[in-house]
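**Q**
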Amino acid sequence: MTSYLSRLSPIPGFPEYTGPHKVGTIDVEIPISDLDSPAQTPSNAENIPTIQYRIFYPCDTDLKHKGKSVNWIPTPQRDYISAYSRFLGAGSTLAEVISYFPRLLHYVTIPVRKNAPLLKPTTSNNRWPVMIFSHGLGGSRNAYSHIVGSVASHGMIVIASEHRDGSTPISYIREPPSDSSSMEKEKVSQKHAKKTVDYVKLSHTPSPEVEEGRNEQLKIRLWEMGLIHDSLLKLDEGKKITNLNTSSTSLSMLKDQMNVHEPGKITFAGHSFGAATVVQFIKSVFYTPESSSAPKSYKPLYSTFPKSPICSQITPNNPIVLLDYFGILFPWITKKVFAAEEPERIMKLNVRAVMQLLRERGIEVSKTRKKDLELQGDEAETNDDVKIFGKDGGVRGWNWLSISDGAGGVAGVDEGEESEIADKKLDEKQVEVGKGGNDEEIQKPINAELAEVVLENEVRSSAATGAGSKV
Numbered sequence: 316m317t318s319y320l321s322r323l324s325p326i327p328g329f330p331e332y333t334g335p336h337k338v339g340t341i342d343v344e345i346p347i348s349d350l351d352s353p354a355q356t357p358s359n360a361e362n363i364p365t366i367q368y369r370i371f372y373p374c375d376t377d378l379k380h381k382g383k384s385v386n387w388i389p390t391p392q393r394d395y396i397s398a399y400s401r402f403l404g405a406g407s408t409l410a411e412v413i414s415y416f417p418r419l420l421h422y423v424t425i426p427v428r429k430n431a432p433l434l435k436p437t438t439s440n441n442r443w444p445v446m447i448f449s450h451g452l453g454g455s456r457n458a459y460s461h462i463v464g465s466v467a468s469h470g471m472i473v474i475a476s477e478h479r480d481g482s483t484p485i486s487y488i489r490e491p492p493s494d495s496s497s498m499e500k501e502k503v504s505q506k507h508a509k510k511t512v513d514y515v516k517l518s519h520t521p522s523p524e525v526e527e528g529r530n531e532q533l534k535i536r537l538w539e540m541g542l543i544h545d546s547l548l549k550l551d552e553g554k555k556i557t558n559l560n561t562s563s564t565s566l567s568m569l570k571d572q573m574n575v576h577e578p579g580k581i582t583f584a585g586h587s588f589g590a591a592t593v594v595q596f597i598k599s600v601f602y603t604p605e606s607s608s609a610p611k612s613y614k615p616l617y618s619t620f621p622k623s624p625i626c627s628q629i630t631p632n633n634p635i636v637l638l639d640y641f642g643i644l645f646p647w648i649t650k651k652v653f654a655a656e657e658p659e660r661i662m663k664l665n666v667r668a669v670m671q672l673l674r675e676r677g678i679e680v681s682k683t684r685k686k687d688l689e690l691q692g693d694e695a696e697t698n699d700d701v702k703i704f705g706k707d708g709g710v711r712g713w714n715w716l717s718i719s720d721g722a723g724g725v726a727g728v729d730e731g732e733e734s735e736i737a738d739k740k741l742d743e744k745q746v747e748v749g750k751g752g753n754d755e756e757i758q759k760p761i762n763a764e765l766a767e768v769v770l771e772n773e774v775r776s777s778a779a780t781g782a783g784s785k786v
């Protein structure tokens, strides 16, 4: 009945997540002064005093904590709608007018429970696996709530970043208080002084100016990614960190709950420019020790300090998820504008593929449910969703794509042999090049393109032709 009534509502909404866990969320903004950056602050980030992200996590369904709803468009909503209108091409005056239109978007909520208690980990090591997600142009910490929430519902803590590089339609930065007494006063008033980061419009036509502009944005994004990682280490260790978002619950519930210390276990994911950010971040950290032998003309976008903990986290085993998909909030728009078909179903297929990738990389996540598997008869949920990576077209509208030859498969090489060959090449090029943050030896390949090493983890990803979506 609830599902039927929701269809009659004029307010668009997101479907419930399909994993076995309910999802909680916390909005986080942390002063840079509370963190230890693994790299120098870029010159164009000196006026960014905080990092911001939203955490999606499996939550306890304690009936005593029903949890407040979370708006998909944050406060101040009118300013966000105006900013999105400008991002989509409206002039400033028209964007302001649009922001006063009937406010259906104001009532759209994310199917999560705000500040809900974290569910006790169900994994063998009693820690939840973690994913750090980087958004694309026009994105934000809320914009990808359905994909990251779906991942969280399968037993994962997902960190949805909000970059302050001018890639969000608009972002607000709270000014950290000067001292602890000021913080207490602001907790009472629920207010912080804020400044605005507006969208930086760059052409999509390649040029030296565009390349320079995107590189400047990447410098901020990579710096933020390193700080986000450091914040997770500190939160898991129970160290005191200030959350400037005073409407959020205490972050202390994350102590000893996240698998962020074991090398190669954090998953990195991104969409579009966020996917490029993830690849650049992994590559930059992985090859920092070798940059000292590069020509003097070489200027890296990001270079970590030698013993930073992030150096020991990044290995060839980190799962990398690169996404490109259309939204499901307005399926009729994606059908009309992009000729997309079944956008909600395609999103579920993306989640299936992500879950199977994680399982194959040794990450413990929940089973894929029978409903999502589109099974008939007595077949049940599974922890080995082999069909989603099949090359036989066994999943309707979901086709195999190879990253090796671009022709939908690797000629003459089956899936197992291809993976074995890639692993053998990596093993042959292993040498010790340095030590990580915990003085652990790091083994890294010489004369190998990191993108190929990392993307070998993704070689069995597929694409959904119906909605132009792919993992």
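The numbering used here numbers the first residue of the sequence shown as 316 and each following residue consecutively.
A virtual CB, placed ideally from N, CA and C, is assigned to each residue, including glycine.
State the DSSP-derived secondary structure class of residue 712, mapped to helix, strand or coil.
**A** Numbered from its first residue, the sequence shown carries residue 712 at position 397. Residue 712: coil per DSSP, three-state reduction.
**Q** Excluding five sequence neighbours on each side, which residues of the same chain lie with their C-beta closer than 7 angstroms to the C-beta of residue 563?
**A** Counting from one through the sequence shown, the residue named residue 563 turns up at place 248. If we look at residue 563 and ignore the five residues flanking it on each side, its Cβ neighbours are 341, 342, 343 and 430.
**Q** Could you tell me which residues DSSP puts in a beta bridge with residue 584?
**A** For the purposes of this step, residue 584 is identified with residue 269 of the sequence shown, where counting begins at 1. According to DSSP, which records beta bridges pairwise, residue 584 is partnered with 448 and 636.
**Q** Counting Cβ pairs closer than 8 angstroms, one from the stretch 535-548 and one from the stretch 617-625, do we hit at least three?
**A** Result yes; three or more Cβ-Cβ pairs closer than 8 angstroms.
**Q** Starting from residue 464, follow the alpha helix (DSSP H) in both directions and report where the run begins and ends.
**A** Here residue 464 refers to the residue found at position 149 when the sequence shown is read from its first residue. That run of the alpha helix (DSSP H) goes 460-468.
**Q** Below 8 angstroms, how does it come out for the stretch 548-564 and the stretch 605-612: are there three or more Cβ pairs, yes or no?
**A** Touching, no.
**Q** In chain order, what residues of the same chain lie with their CB nearer than 7 angstroms to the CB of residue 732, ignoring the 5 residues before and after it?
**A** For this step, residue 732 is matched to residue 417 along the sequence shown. For residue 732, the predicted structure reports a pLDDT of 46, less than 50, and the residue's modelled location is therefore unreliable. The matter cannot be settled from this model.
**Q** With a 10 Å radius around its C-beta and 16 neighbouring C-beta atoms as the bar for buried, classify residue 457 as buried or exposed.
**A** In the sequence shown, counting from the first residue as 1, residue 457 sits at position 142. Residue 457 is buried by the Cβ-count criterion.
**Q** With a cut-off of 8 angstroms, do at least 3 Cβ pairs link the stretch 680-690 to the stretch 590-597?
**A** no
**Q** Please tell me whether residue 581 and residue 600 are closer than 7 angstroms, where the distance is taken between their beta carbons.
**A** Counting from one through the sequence shown, the residue named residue 581 turns up at place 266. Counting from one through the sequence shown, the residue named residue 600 turns up at place 285. No. Outside cutoff.
**Q** Is residue 548 closer than 7 angstroms to residue 569 when the C-beta atoms are compared?
**A** Taking the first residue of the sequence shown as 1, we reach residue 569 at position 254. Taking the first residue of the sequence shown as 1, we reach residue 548 at position 233. In this structure, residue 548 does not lie closer than 7 angstroms to residue 569 by Cβ.
**Q** May I ask you to report which of helix, strand or coil DSSP gives residue 329?
**A** Along the sequence shown, one-based indexing puts residue 329 at 14. Note: residue 329 maps to coil in three-state DSSP.
**Q** Under 8 angstroms: do the stretch 439-450 and the stretch 467-481 share three or more Cβ pairs, one atom per stretch?
**A** With the cut-off at 8 angstroms, the stretch 439-450 and the stretch 467-481 touch.
**Q** Pop quiz: residue 639 and residue 576 are said to be a contact at Cβ under 8 angstroms. What is the actual Cβ separation, rounded to whole angstroms?
**A** Looking up residue 639 in the sequence shown gives position 324. Looking up residue 576 in the sequence shown gives position 261. In fact, because the Cβ distance is near 31 angstroms, the residues do not count as touching under 8 angstroms.
**Q** According to DSSP, simplified to helix, strand and coil, what is residue 765?
**A** For the purposes of this step, residue 765 is identified with residue 450 of the sequence shown, where counting begins at 1. Confidence at residue 765 is low in this model, with a pLDDT of 32, below 50, so the placement of that residue is unreliable and no value is reported for it.
**Q** Return the CA-CA distance between residue 604 and residue 628, expressed in angstroms with no decimal places.
**A** In the sequence shown, counting from the first residue as 1, residue 604 sits at position 289. In the sequence shown, counting from the first residue as 1, residue 628 sits at position 313. For residue 604 and residue 628, the distance between alpha carbons rounds to 14 angstroms.
**Q** Does residue 390 pass the burial test, meaning 16 or more other C-beta atoms within 10 Å, or should it be called exposed?
**A** The residue labelled residue 390 in the question sits at position 75 within the sequence shown. The residue is exposed, with fewer than 16 neighbouring Cβ atoms inside 10 Å.
**Q** Under 8 angstroms by Cβ, that's how I've got residue 425 and residue 583 pegged, so tell me the actual separation to the nearest angstrom.
**A** As a working note, residue 425 is residue 110 in the sequence shown. As a working note, residue 583 is residue 268 in the sequence shown. At roughly 22 angstroms, the Cβ-Cβ gap does not stay under 8 angstroms, so residue 425 and residue 583 are not in contact.
**Q** Measuring only the C-alpha atoms, how far is residue 743 from residue 578?
**A** Position 428 of the sequence shown holds residue 743. Position 263 of the sequence shown holds residue 578. Annotation note: pLDDT 44 at residue 743 (below 50); position unreliable, coordinate value reported separately. Taking the straight line from one Cα to the other gives about 20 angstroms.
**Q** Can you give the Cα-Cα distance for residue 491 and residue 397, rounded to whole angstroms?
**A** Working through the sequence shown from its first residue, we reach residue 491 at position 176. Working through the sequence shown from its first residue, we reach residue 397 at position 82. Computed Cα separation, rounded: 26 angstroms.
**Q** Whole angstroms is fine: what's the gap from residue 520's alpha carbon to residue 588's?
**A** Position 205 of the sequence shown holds residue 520. Position 273 of the sequence shown holds residue 588. Going from the Cα of residue 520 to the Cα of residue 588 covers about 15 angstroms.
**Q** Below 8 angstroms, can you find three or more Cβ-Cβ pairs linking the stretch 348-362 to the stretch 699-709?
**A** no
**Q** What residue range does the beta strand (DSSP E) around residue 372 cover?
**A** Counted from its first residue, the sequence shown places residue 372 at position 57. First-last of the beta strand (DSSP E) with residue 372: 365-373.
**Q** Check residue 573 in the structure and name its three-state DSSP category.
**A** Position 258 of the sequence shown, counting from 1, holds the residue named residue 573. If DSSP states are grouped into helix, strand and coil, residue 573 belongs with the strands.
**Q** Just verifying my parser: in three-state terms, what is the DSSP assignment at residue 608?
**A** As a first step, residue 608 is located in the sequence shown; it is residue number 293 there, counting from the start. It is helical.
**Q** Leaving aside the five residues before and after residue 445 along the sequence, list all residues of the same chain whose C-beta is less than 8 angstroms from its C-beta, in chain order.
**A** To locate residue 445, count along the sequence shown from 1; it is residue 130. Hits under 8 angstroms: 471, 472, 473, 474, 547, 573, 574, 575, 580, 581 and 582.
**Q** On a CA-only basis, which of 680, 523, 486 and 688 is nearest residue 367? Give me that one, please.
**A** For the purposes of this step, residue 367 is taken as residue 52 along the sequence shown, with counting starting at 1. Checked all of 680, 523, 486 and 688; the closest Cα to residue 367 is 486.
**Q** Based on Cα-Cα distance, which residue from 375, 542, 632 and 677 lies nearest to residue 355?
**A** Along the sequence shown, one-based indexing puts residue 355 at 40. Out of 375, 542, 632 and 677, 542 has the C-alpha closest to the C-alpha of residue 355.
**Q** In chain order, what residues of the same chain have a beta carbon less than 8 angstroms from the beta carbon of residue 688, not counting five sequence neighbours either side?
**A** Start at 1 with the first residue of the sequence shown, and residue 688 comes out as number 373. These residues qualify, in order along the chain: 667, 694, 696, 697, 700 and 702.
**Q** Mind reading off the beta-carbon distance from residue 374 to residue 432? Whole number of angstroms is fine, and I expect it under 8 angstroms.
**A** Your numbering for residue 374 matches position 59 in the sequence shown. Your numbering for residue 432 matches position 117 in the sequence shown. Between residue 432 and residue 374 the Cβ distance is about 6 angstroms, and since that is below 8 angstroms, they are a contact.
**Q** Per DSSP, what kind of secondary structure is residue 361 in: helix, strand or coil?
**A** As a first step, residue 361 must be located in the sequence shown, where it is residue number 46. Residue 361 falls in the coil class under three-state DSSP.
**Q** Go through its chain and collect everything with a Cβ distance to residue 352's Cβ below 8 angstroms, but skip five positions before and after it.
**A** Taking the sequence shown and counting its residues from 1, the one referred to as residue 352 is at position 37. If we look at residue 352 and ignore the five residues flanking it on each side, its Cβ neighbours are 538, 541, 542 and 545.
**Q** In whole angstroms, give me the CA-to-CA distance for residue 529 and residue 405.
**A** Against the sequence shown, residue 529 aligns to sequence position 214. Against the sequence shown, residue 405 aligns to sequence position 90. Using only the alpha carbons, I get a separation of about 23 angstroms.
**Q** If I'm right that residue 371 touches residue 423 with Cβ under 8 angstroms, what's the distance once you round it to whole angstroms?
**A** Position 56 of the sequence shown holds residue 371. Position 108 of the sequence shown holds residue 423. 17 angstroms between Cβ atoms; not a contact.
**Q** Below 8 angstroms on the Cβ atoms is my contact criterion, and I expect residue 676 with residue 621 to pass it. Report the Cβ-Cβ distance as a whole number of Å.
**A** Here residue 676 is taken as the residue at index 361 of the sequence shown, counted from 1. Here residue 621 is taken as the residue at index 306 of the sequence shown, counted from 1. The pair is not a contact, with the Cβ atoms about 27 angstroms apart (cut-off 8 angstroms).
**Q** Which first and last residues belong to the alpha helix (DSSP H) in which residue 668 is found?
**A** Here residue 668 refers to the residue found at position 353 when the sequence shown is read from its first residue. Start and end: 658-675.
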